[in-house]
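S.K.: Before we start, here is the structure in question, set down as structure tokens.
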Amino acid sequence: MQAAPVRATVIPTVTDALRAVESLLLSSGQRTARRNAWTAVLEDRRRAKDRAESGYVLEREAVADRRSRAT
Numbered sequence: 001m002q003a004a005p006v007r008a009t010v011i012p013t014v015t016d017a018l019r020a021v022e023s024l025l026l027s028s029g030q031r032t033a034r035r036n037a038w039t040a041v042l043e044d045r046r047r048a049k050d051r052a053e054s055g056y057v058l059e060r061e062a063v064a065d066r067r068s069r070a071t
């Protein structure tokens, strides 16, 4: 007796479900605009993080410079 063949069943993820709903509700142009807007938001967050890190490094260097001049 042979075993029944195993079928790989792909379980849809939440992301897949949201994209399916999005494709039903929005036209392709609106989907593209929404994705572009989200990409811009993520890029703005990345730049803000980089600015904060740069400010921290500059402040740390300024403090170190003041300490070296004081001694």
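One point on numbering: in my numbering, the residue at position 17 of the sequence shown is 17, and numbering is uninterrupted.
Ideal Cβ positions, reconstructed from N, Cα and C, are used throughout, including at glycine.
(1) Can you tell me whether DSSP reads Leu26 as helix, strand or coil?
(2) Below 8 Å between beta carbons: does that hold for Glu73 and Arg31?
(3) Hey, how far is the Cα of Arg47 from the Cα of Thr13?
(4) Are the Cβ atoms of Leu26 and Arg34 separated by less than 8 Å?
M.R.: Quick answer:
(1) Look at Leu26 here: in three-state DSSP terms it is coil, with no helix or strand label.
(2) There is simply no residue 73 to check, as the chain begins at 1 and stops at 71 in what is shown.
(3) Rounded to the nearest angstrom, the gap between the Cα atoms of Arg47 and Thr13 is 30 Å.
(4) Closer than 8 Å, so yes.
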